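Chains C, X and Z are the protein sequences, given in the same order. Numbering-wise (our numbering), the first sequence opens with residue 28 and increments by one. Numbering-wise (our numbering), the second sequence opens with residue 350 and increments by one. Numbering-wise (our numbering), the third sequence opens with residue 43 and increments by one. Built from N, CA and C at the ideal position, the CB exists for glycine as well. As the structure is a prediction and not an experimental result, all values here were calculated from the model.
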Amino acid sequence: MDRLLTLENQGKLKTSTMNRSVRKLSANMLALVGLALFLLILTASIAAPLISSYEPNAIDLKHRLSPPGETHLLGTDQIGRDIFTRILYGGRISMFVGLGSAIGAALIGVSLGTYAGYTRGVLDSAVMKLSEIMMSFPQIILVSILVTIAGQSLWNLILIFILTGWPSMYRMTRSQMLSIREQEYIQALQAFGIGSFTISFKHMLPNAIGPIFVNITLSTAMFILQEAALSFLGLGVPLEQATWGNILNVAQDLNILRNAWWVWLPVGVVITLFVMSVNFIGDGLRDAADPTQVG
Amino acid sequence: MSDTREILMKVEDLKTYFPVRKGVFKRTAGYVKALDGVDLEIYRGETLGIVGESGCGKTTLGKSVLRLHTPNGGKVHYAFPDGMRNILELKGSELDEARRRLQIVFQDPYSSLNPSFTIFGSFDDPLRKFGVKSKKDRQKIVEKLLSDVNLPGDYMTRYPNEFSGGQRQRIGIARALSVDPELIVCDEAVSALDVSIQAQVLKLLRRLQSERNLTYLFITHDLSVVEYVADRIAVMYLGKVVELADTEELFRRTLHPYTQALLSAIPIADITKRKKRIPLQGDVPSPVNPPSGCTFHPRCAFATEKCRELSPQLETFTFEGREHLVRCHYALDVTSRTQVSQ
Amino acid sequence: MKQDTIVEVKDLCVNFYTNQRCNKALREVSFSIRKARTLCIVGESGCGKSVTANSIMQLLPDLGRIESGTITYHGEDETVHIEKLPRNGRKMRSLRGEHIAMIFQDPMTALNPVFSVGYQIEEMIREHLELSHSRSSELAVKLLKDMGVPLPEQRVREYPHQYSGGMRQRAMIAMAMACAPKVLIADEPTTALDVTIQAQIFELMLALKEEKQMAILLITHDMGVVAELADDVAVMYMGNIVESGTAEQVMSSPSHPYTRALLDSIPVLGRGKAQNLEPIRGTTPDPYNRPAGCQFEPRCDYATELCRRQMPTEESVNASDREEKPHMVRCFNYKELTHV
Chain C
28 MDRLLTLENQ
38 GKLKTSTMNR
48 SVRKLSANML
58 ALVGLALFLL
68 ILTASIAAPL
78 ISSYEPNAID
88 LKHRLSPPGE
98 THLLGTDQIG
108 RDIFTRILYG
118 GRISMFVGLG
128 SAIGAALIGV
138 SLGTYAGYTR
148 GVLDSAVMKL
158 SEIMMSFPQI
168 ILVSILVTIA
178 GQSLWNLILI
188 FILTGWPSMY
198 RMTRSQMLSI
208 REQEYIQALQ
218 AFGIGSFTIS
228 FKHMLPNAIG
238 PIFVNITLST
248 AMFILQEAAL
258 SFLGLGVPLE
268 QATWGNILNV
278 AQDLNILRNA
288 WWVWLPVGVV
298 ITLFVMSVNF
308 IGDGLRDAAD
318 PTQVG
Chain X
350 MSDTREILMK
360 VEDLKTYFPV
370 RKGVFKRTAG
380 YVKALDGVDL
390 EIYRGETLGI
400 VGESGCGKTT
410 LGKSVLRLHT
420 PNGGKVHYAF
430 PDGMRNILEL
440 KGSELDEARR
450 RLQIVFQDPY
460 SSLNPSFTIF
470 GSFDDPLRKF
480 GVKSKKDRQK
490 IVEKLLSDVN
500 LPGDYMTRYP
510 NEFSGGQRQR
520 IGIARALSVD
530 PELIVCDEAV
540 SALDVSIQAQ
550 VLKLLRRLQS
560 ERNLTYLFIT
570 HDLSVVEYVA
580 DRIAVMYLGK
590 VVELADTEEL
600 FRRTLHPYTQ
610 ALLSAIPIAD
620 ITKRKKRIPL
630 QGDVPSPVNP
640 PSGCTFHPRC
650 AFATEKCREL
660 SPQLETFTFE
670 GREHLVRCHY
680 ALDVTSRTQV
690 SQ
Chain Z
43 MKQDTIVEVK
53 DLCVNFYTNQ
63 RCNKALREVS
73 FSIRKARTLC
83 IVGESGCGKS
93 VTANSIMQLL
103 PDLGRIESGT
113 ITYHGEDETV
123 HIEKLPRNGR
133 KMRSLRGEHI
143 AMIFQDPMTA
153 LNPVFSVGYQ
163 IEEMIREHLE
173 LSHSRSSELA
183 VKLLKDMGVP
193 LPEQRVREYP
203 HQYSGGMRQR
213 AMIAMAMACA
223 PKVLIADEPT
233 TALDVTIQAQ
243 IFELMLALKE
253 EKQMAILLIT
263 HDMGVVAELA
273 DDVAVMYMGN
283 IVESGTAEQV
293 MSSPSHPYTR
303 ALLDSIPVLG
313 RGKAQNLEPI
323 RGTTPDPYNR
333 PAGCQFEPRC
343 DYATELCRRQ
353 MPTEESVNAS
363 DREEKPHMVR
373 CFNYKELTHV
């Protein structure tokens, strides 16, 4: 405190004109580390062809299960595919599933939450009940059923994630709307007779967008984890397409688990790092947007 | 002075109840009788003050008249060019026309403007709805409105968080004026402002009233403020009007025991006027379970058996040609009262 | 220094710190709280009146600090320098509640919703007085009764949400009075209450003042309250006391431009529509970008070059009159006003 006092007395301090949220975020070390890590993994996956000359699905039975070395950076799996390449290309699918599901769930959940949260009434009660039903459904059962009926596919997985993911986005948006609708500027619009759609989507939603955004980032991480779990069990994306979860699938084999650590461990680490970095970013965003925190 | 003034709005037996929901299934356990039969007339060009304490229904009255709450009973007649119509029954474009003529200024300057929009953004949709098609025209109108409330036009590109409470309140007034209304409900419009800023906004409201021939329904709990702005004052208690008279008349010849207690309870910022208090015992009762008969009787120093059983009507008396309405069985029984000293 | 001064604040300076800046919230604030007298500190939002009250109780937030000045408590057999005490040390905690008590603005949040009112009062009693369980329960009921809460035996077991606003404030006052403190600090105690309830609470406070010869420090923004209740007044603006004296002196002959302007800008009950309200021009400055000299100078009609450069010193309006209590004003040009 004394340091601040002397500086203040010398007239050296000025109130920062930078947007408070940006300022808080940039000061958050963890969030920055998370951001760096996230960008690293993202660019690596996108630039996969530039980084690795191997094909992710190129089978090379001669060199199956070779440990990390000069030719294969992270070794090969049980049919000779290069692990490092598969991780890079797999990241694309995993991130696509994660982000795609999060955005899909958000589109449905946020739209419903915005309109129903403002208008209340029958629509709101009905959707609430529906969301409660959907939330109590165990996801695994849904996945198994759908896989049995429609077969395994990337799009089926995304569909299921959206179906099970929209309720929480809906409820979160709705609770934001419930508090915003009591604000006087909303009542002013009602006094002008402005319509419900305009009020809820144009005027209320921008004020709720902060927490929604944070939720999307955190959902992405969650869906990636779920995809990994399901693919590990063999219920996720078909095994031909490389995803992080698929690569993990082989760890079911006790032999590989014990003797060929390079097949499953690096993938596990990458998933962990990626989810952690997204969580750090999400935490940072949340703290930055929180008006009750000092500074 | 017989009234040659034009009646702009006539509120008849207005009732607004809010259901109280209890239990898992949200059954309706009772009703908060926020407005329990309000009768009022508002004349064009005047400022009618509505005063009362918490739970009396004054804010609900302001909002019900604008249909921001949906009343459960009664009528609100408004003088349109082609005759008196009941606002509560209007629909579609007729309702829009009513909305244009009746506007509101809110209490809390920190929630009356959308923090994500520029100042212009807060004016955009209403202006567009009421026919101003080109953006340039809208901008010109906003510029003029801002200067009417003594703010520079280029403020319209800024965000609300850059402004003080007093400035925000003025912007809120400008917004209410944007559609050229006839009647403005001021719902505790200065209560949240610093004491020295209140004067600024009050004087602005007065000036705008004379420039634009506006009519104000001025809702407040502060009797010192209402004495300054209002031509007539209505005192509310538990959802009903208990006294209504010209401002000077109300202060000089206070007839209802509640109004008397209210006036004597207010601290006056004049050290030469330390006065005798008429203490009012007990708390303001809950609007869910109002007392029987005259709802004020449990706290009234003059209550009798009749007051406990029979609810008094709002009666009209005339003093020196001016109307004075009181809801009390013993309104003229002045000998048993102590008047509020000047 | 008078015999009956219980708390003496002299040249108090308090700063608030954020991550980047330092706000000099109180600057050289001086006043005395006297026995059986009500001192009102009046000012608008942001002037520092709540900070002053919190400083006396050492209840400033973590990022606030008493930089200099003294707060002296003159007890029955001791003199304590409050500013030197550690914030939550034993001495300070024994002072709080027992010698100096405080009640707050919002009775709903000042009482803990999960404990019964009786429990909270008894907690206070047991902390300071060594009474048995049954004796402290008795005392709690008696206090509620003395404060005008009907059916105290029943009410003592109820929870805050079952009380009305006025009753909660009475319960708070009961808690404050439990140990018969010498000073009661009331920080805007009735701002959240209806006017008729406010009148009841003030009557209660006045009765307590008379009965227990207690000193009251009342923080308010309402000049009406000052006129009705105050024996002594201190007017605050942006961290300074700009004028102080008895209520009679300050309200009848306001000598500081701010006091004068403030009184001219508020509607007074009884003066009707014809009163000429003059709003104070300009706005309160950003606390982080304060004027270099007198804080009121940018808005003052009597300001001179000196006012812009230097903070005015405390001057006495009635120096010649030795009989009277001192009427202090912090202004270089106060003499101009008396001619108006």
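Between residue i and residue j, which are expected to be in contact by the criterion C-beta below 8 Å, what is the C-beta distance as a whole number of angstroms?
{"i": "Z:Val84", "j": "X:Asp619", "result": "Not a contact, Cβ separation roughly 15 Å."}
{"i": "X:Ser527", "j": "X:Ile490", "result": "7 Å"}
{"i": "Z:Leu101", "j": "Z:Val56", "result": "12 Å between Cβ atoms; not a contact."}
{"i": "C:Ile78", "j": "C:Phe301", "result": "Not confirmed; about 17 Å, so no contact."}
{"i": "Z:Gly312", "j": "X:Lys552", "result": "About 20 Å; that fails the 8 Å criterion."}
{"i": "X:Leu629", "j": "X:Ala652", "result": "Not really, about 12 Å apart at Cβ, beyond 8 Å."}
{"i": "Z:Ala257", "j": "Z:Arg76", "result": "6 Å"}
Check the Cβ-Cβ distances between residue i and every residue of chain C, and say whether any is below 8 Å.
{"i": "X:Val400", "result": "no"}
{"i": "X:His418", "result": "no"}
{"i": "X:Asn463", "result": "yes"}
{"i": "X:Pro368", "result": "no"}
{"i": "X:Asp497", "result": "no"}
{"i": "X:Ser513", "result": "no"}
{"i": "X:Thr365", "result": "no"}
Just to confirm before moving on: does the CB-CB distance between residue i and residue j stay below 8 Å?
{"i": "X:Val400", "j": "X:Val414", "result": "no"}
{"i": "C:Ser202", "j": "C:Thr141", "result": "no"}
{"i": "C:Leu62", "j": "C:Ile308", "result": "yes"}
{"i": "C:Leu184", "j": "C:Val264", "result": "yes"}
{"i": "Z:Val93", "j": "Z:Phe73", "result": "no"}
{"i": "C:Met231", "j": "C:Met196", "result": "no"}
{"i": "X:Gly422", "j": "X:Lys364", "result": "yes"}
{"i": "Z:Lys367", "j": "Z:Thr301", "result": "no"}
{"i": "X:Ala383", "j": "Z:Ala241", "result": "no"}
{"i": "X:Ser403", "j": "Z:Asp46", "result": "no"}
I'd like to know whether the C-beta of residue i is nearer than 8 Å to at least one C-beta of chain Z.
{"i": "X:Val633", "result": "yes"}
{"i": "X:Val584", "result": "no"}
{"i": "X:Val591", "result": "no"}
{"i": "X:Gln549", "result": "yes"}
Enumerate in chain order the residues of its own chain whose CB-to-CB distance from residue i is below 7 Å, with the five nearest sequence positions on each side excluded.
{"i": "X:Gly642", "result": "Cys656, Arg657, Glu658, Leu659, Ser660"}
{"i": "Z:Arg138", "result": "Met99"}
{"i": "Z:Met222", "result": "Inspection of the sequence shows that residue 222 of chain Z is occupied by Ala rather than by Met. Cβ neighbours of Z:Ala222 beyond the five flanking positions: Lys254."}
{"i": "C:Ala235", "result": "Thr200, Gln203, Met204, Ile207"}
{"i": "X:Ala525", "result": "Gln452, Ile453, Val454, Ile533"}
Mind checking if residue i is an interface residue toward chain X, Cβ cutoff 8 Å exclusive?
{"i": "Z:Ala249", "result": "no"}
{"i": "C:Gln326", "result": "Because chain C in this structure spans residues 28 to 322, residue 326 of chain C falls outside the shown range and cannot be described."}
{"i": "Z:Gly287", "result": "no"}
{"i": "C:Leu233", "result": "Per the sequence shown, the amino acid found at residue 233 of chain C is Pro instead of Leu. Taking Cβ atoms only, chain X reaches closer than 8 Å to C:Pro233, which makes this a yes."}
{"i": "Z:Asp53", "result": "no"}
Which same chain residues end up closer than 6 Å to residue i when comparing Cβ atoms and leaving out the 5 residues on each side of it in sequence?
{"i": "C:Gly107", "result": "Ile86, Asp87, Leu88, His90, Arg91"}
Run down chain X in chain order and give the residues with a C-beta less than 9 Å from the C-beta of residue i.
{"i": "Z:Lys315", "result": "Glu576, Tyr577, Val578, Ala579, Asp580, Thr596, Glu597"}
At 8 Å on the CB atoms, spell out the chain C contacts of residue i, in chain order.
{"i": "X:Ile453", "result": "Gln214, Ala215, Ala218"}
{"i": "X:Lys478", "result": "Phe219, Gly220, Ile221"}
{"i": "X:Leu415", "result": "Ala218"}
Report all residues from its chain with a CB closer than 8 Å to the CB of residue i; omit the five preceding and five following residues, and keep chain order.
{"i": "X:Val590", "result": "Val387, Asp388, Leu389, Ala583, Val584, Leu663, Leu674, Arg676"}
{"i": "X:Val369", "result": "Thr377, Ala378, Gly379, Tyr380, Val381, Val637"}
{"i": "Z:Arg69", "result": "Cys55, Gly281, Asn282, Met353"}
Below 7 Å on C-beta distance, what does residue i contact in chain Z?
{"i": "X:Gln488", "result": "What X:Gln488 touches in chain Z: nothing, since even the nearest Cβ is about 26 Å away."}
May I ask you to check if the CB of residue i is nearer than 7 Å to at least one heavy atom of the ligand NAP?
{"i": "X:Ala583", "result": "No copy of the ligand NAP occurs in the structure displayed, which carries no ligand at all."}
Residue i touches chain X at which residues, Cβ-Cβ below 7 Å?
{"i": "C:Glu211", "result": "Phe455, Asp457, Ser460, Ser461"}
{"i": "C:Asn306", "result": "By Cβ distance, chain X contributes nothing, its closest Cβ being about 27 Å from C:Asn306, past 7 Å."}
{"i": "Z:Ser92", "result": "Under the 7 Å cutoff, chain X gives no residues; its nearest Cβ is about 15 Å from Z:Ser92."}
For a contact defined as C-beta to C-beta under 7 Å, what are the partners of residue i on chain C?
{"i": "X:Ser540", "result": "Going along chain C, no residue has its Cβ under 7 Å from X:Ser540, so there is no contact; the nearest lies around 13 Å."}
Taking Cβ-Cβ distances shorter than 8 Å, what residues in chain Z pair up with residue i?
{"i": "X:His570", "result": "Asp236, Val237"}
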